[in-house]
Amino acid sequence: MTAVAIKPIKKTAVKETLLTPRFYTTDFDAMAKMDLSSQEEELKAMIAEMKNDYNRNHFVRDEDFEKDWSNIDETTRTAFIDFLERSCTSEFSGFILFKELSRQLKDRNPMLAEIFHLMARDEARHAGFINKAMSDFNISLDLGYLTKHRVYTFFKPEWVIYAVYLSEKIGYWRYILMYRHLERHPQYQFYPIFKKFEHWCQDESRHGDIFNALLRSQSSMWKGWKAKLWSRFFLLSVFATHTLTVHERADFYESVGLDAQEYDRAVTRNTNSTSAKAFPVILDTEHPEFFPRLERCSDYNLQLSKISESNSSSIVKFFRKLPLQIAIFWNLICLYLIKPIETEELRGVAK
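This note's numbering applies: residue 10 is where the sequence shown begins, and numbers increase by one.
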């Protein structure tokens with residue numbers, strides 16, 4: 010049955026929470042002055058690969074999309090739209106950052122500008138494809154409005170490199186693990202976008218490899234005690250955000266036949282292991298306290314959400330939330346202090 014054409018409602022705002030994807034800006038002058046000579050050949054090879062654009066024909070709405078999706082039950086539908094909305098916002102925020110980096114660096118660091126231009130192309134393609142999927146459910150994001158009205162958070166270039174590397178690599182594992190699961194259990198593929206995740210994750214991994222090369226080009230980012238502390242901080246930040254988000258969306262993962270806890274742990278373990286190729290240390294995800302403390306933070310976060318949605322006064326909410334916020338902070342501190350795993354010797358890189 011062919012879907013009836015209904016003009017989708019355009020959303021001009023995304024509900025802001027601690028877990029909402031952020032829009033970032035950075036120090037463009039400092040980025041332009043980065044010495045990339047140690048990784049120049051690798052970066053040039055990546056540019057050549059991206060110019061070939063092997064995935065250009067994969068993000069096409071084929072006949073599988075030309076259906077009526079009104080038979081999806083309301084719980085699954087709501088959870089899926091939330092998943093699409095956050096995913097679209099995340100991809101679009103990457104596009105905005107990469108596009109601006111490309112524009113700012115065009116005359117000062119042409120090679121880096123070209124890299125960001127090509128990555129912006131991929132992110133725009135992803136965001137547009139997701140937004141079009143949302144329109145099948147009679148809703149879409151007004152991306153132009155978001156560009157002008159979202160608050161932009163400043164990150165130093167080093168922070169951008171750490172954070173985006175992890176964002177791309179954890180994105181790869183999120184997509185590929187779900188894709189493999191749905192290949193084994195096609196009865197849960199209630200919408201055709203899931204079939205696109207294999208090629209999607211290839212883009213994510215390639216972007217991560219580019220940021221790995223950028224990171225390795227700056228010795229201060231992978232040598233010394235500061236690099237180790239920052240690596241641990243960003244790994245924990247990304248993993249904690251992922252755990253909280255996945256458990257908050259447990260209904261969605263249940264709708265595709267995944268156990269939220271098992272999925273989160275698999276994504277975290279694999280991303281942590283992959284990060285050994287870039288960072289001087291990784292986290293000890295096999296430590297007996299690692300996942301229990303992360304999941305405790307998730308439980309506290311769900312309680313915080315319930316308090317926020319309650320009819321209590323602002324003062325009452327503040328005092329009800331405070332012990333939970335302190336508990337989350339304390340558990341994260343304990344996780345940060347778990348002895349990390351050294352990776353430089355494993356890779357044979359001289360310290």
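Glycine included, each C-beta is placed from N, C-alpha and C at the ideal position.
- Counting along the chain, the unbroken alpha helix (DSSP H) around residue 309 starts and ends at 299-318.
- Per DSSP, reduced to three states, the secondary structure at residue 181 is helical.
- Residue 63 and residue 193 have their C-alpha atoms roughly 26 Å apart.
- Put simply, of 251, 186, 175, 191 the residue whose alpha carbon is nearest the alpha carbon of residue 219 is 175.
- Its Cα nearest to that of residue 313, the residue 327 stands out among 346, 327, 179.
- Taking a contact to require three or more Cβ pairs closer than 8 Å, the segment 70-83 and the segment 112-120 do not qualify as touching.
- Closest in C-alpha terms to residue 275, from the list 210, 288, 252, 225, comes 252.
- Sequence-distant partners of residue 31 (beyond 5 residues in either direction) whose C-beta falls short of 6 Å from its own C-beta, in its chain, are 162.
- Linking residue 120 to residue 53 through their CA atoms gives a straight-line distance of about 8 Å.
- In the structure shown, residue 294 falls within a coil segment according to DSSP collapsed to helix, strand and coil.
- Under the DSSP assignment, residue 45 falls outside any alpha helix (DSSP H); it carries neither an H nor an E label.
- Separation of residue 164 and residue 142 (C-alpha to C-alpha, rounded to the nearest whole angstrom) is 31 Å.
- In this structure, 68 is the residue among 223, 68, 282 with its C-alpha nearest to the C-alpha of residue 212.
- The beta-carbon separation of residue 200 and residue 125, rounded to 31 Å, does not stay under the 8 Å limit for a contact.
- A residue is called buried once 16 or more other Cβ atoms fall within 10 Å of its Cβ, and residue 231 is buried on that count.
- In the displayed model, residue 34 falls within a strand according to three-state DSSP.
- Separation of residue 310 and residue 337 (C-alpha to C-alpha, rounded to the nearest whole angstrom) is 8 Å.
- Of 46, 149, 38, the smallest CA-CA separation from residue 224 is found for 46.
- Take the alpha-carbon of residue 292 and the one of residue 350: they are about 6 Å apart.
- Distances from the CA of residue 36 to each of 285, 138, 169 were compared; the closest alpha carbon is that of 169.
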